[in-house]
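full-length UniProt numbering applies: residue 1 is where the sequence shown begins, and numbers increase by one.
Read through the structure below, which is laid out as structure tokens, and then see the notes.
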Amino acid sequence: MSLPTLHDLHRPLGSTGLLVSPLGLGTVKLGRDQGVKYPNGFQIPNDEEARMLLRQARELGINLIDTAPAYGHSEERLGPLLRGQRQDWVIVSKVGEEFADGVSRHDFSAAHTRLSVERSLKRLETDFIDLVLVHSDGNDLHILNDCEVYQTLADLKAEGKIRGFGFSGKTVEGGVKALEQGDCAMVTYNLNEQNEKAVIDYAAAHGKGILVKKALASGHACLEPGVDPIHASFILLFAQTGVASAIVGTINPLHLAHNVATAAKIIRQS
């Protein structure tokens with residue numbers, strides 16, 4: 001019996017023209033093991049393990065991959081790992097947050113935004129990035145109103161270096177404002193946190209894209225005994241018509257297969 005896949009369940013990411021799998025592969029754990037908020041420690045996979053994980057994701061119908069400069073060496077590793085496969089992947093990266101020597105810092109200036117995207121293009125060994133999101137520090141409205149990052153991303157889109165841009169924020173006000181001018185918002189939405197549902201609703205009403213981060217509460221999703229937290233999380237998530245894809249950052253092949261099978265079953269039944 002073959003495993004369920006997501007190949008025939010890809011859906012539009014708002015009006016970007018991009019078609020994405022309902023689950024995306026987050027790659028924090030390919031590049032960074034410091035300052036992360038997971039319940040258990042983990043070992044960063046070696047190149048062969050990472051290559052096998054990416055191959056498995058692709059075979060299961062995942063075509064969305066999420067990375068960022070703040071994910072340590074994630075982008076630099078993905079470039080060589082994805083050689084010859086560019087047409088198979090929708091690549092999402094970020095700007096605004098840097099992570100070095102165990103510390104995060106933020107820069108939302110025009111110069112840094114452009115430098116960051118150019119550097120990501122080199123690291124990822126690609127001529128364009130499908131979607132670039134602003135990695136907010138939580139001051140969402142200040143970033144959108146007073147910084148140059150969003151206009152710079154619009155310029156980079158016009159130049160063809162990115163196909164879409166958006167905002168990974170922490171507030172409803174920031175998410176909605178970001179969608180007024182941008183293509184996509186990444187929001188937190190899970191069994192524990194549903195504060196940003198208004199952003200999902202706004203996106204659904206205005207043809208904008210939504211990606212969900214922390215869909216499994218960074219591994220902290222837990223319920224009463226006998227209830228599968230993955231199943232309950234995905235039931236909640238995929239009931240939202242505005243959600244295009246949920247980013248799940250597992251490096252465990254069994255978890256990946258279970259996540260895909262669960263998502264495929266729920267989406268087909270809905």
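Here a beta-carbon is modelled for each residue, glycine too, at the ideal position from N, C-alpha and C.
Nothing here was measured: the structure is a model prediction, and the numbers come from that model.
Through-space distance from residue j to residue i, alpha-carbon basis
i, j, result
"N252", "L53", "8 Å"
"G182", "G138", "18 Å"
"L216", "G35", "18 Å"
"P225", "G96", "40 Å"
"C147", "L254", "42 Å"
"V90", "S245", "12 Å"
"E159", "F108", "19 Å"
"P4", "K265", "8 Å"
"D88", "V134", "24 Å"
"R11", "G17", "10 Å"
"L6", "R77", "25 Å"
"S104", "E98", "6 Å"
"residue 281", "Q240", "Residue numbering for the chain in the displayed model covers 1 to 270; residue 281 lies beyond these limits and cannot be assessed."
Chain B within 8 Å of residue i, Cβ atoms only
i, result
"K170", "In the structure shown, chain B does not exist; there is a single protein chain."
Residue i - containing alpha helix (DSSP H), residue span
i, result
"H112", "110 to 123"
"R58", "47 to 59"
"D146", "140 to 146"
"K157", "149 to 158"
"S74", "74 to 81"
Span of the beta strand (DSSP E), counted from its first residue to its last, around residue i
i, result
"F165", "165 to 168"
"G24", "23 to 26"
"V132", "131 to 135"
"I235", "Looking at the DSSP string, I235 is not in any beta strand (DSSP E); the run it does join, the alpha helix (DSSP H), is 229 to 238."
"L64", "64 to 66"
Bridge partner(s) assigned by DSSP for residue i
i, result
"C184", "G166, G209"
"R268", "BP columns for R268 are empty, so no partner."
"F99", "S104"
"I247", "G24"
"P12", "L19"
"I91", "I65"
CB of residue i within 8 Å of CB of residue j, strictly
i, j, result
"V260", "V212", "no"
"K208", "G14", "yes"
"S74", "R114", "no"
"P39", "S120", "no"
"G164", "M186", "no"
"G26", "I247", "yes"
"S21", "G61", "yes"
"E173", "L141", "yes"
"K177", "Y189", "no"
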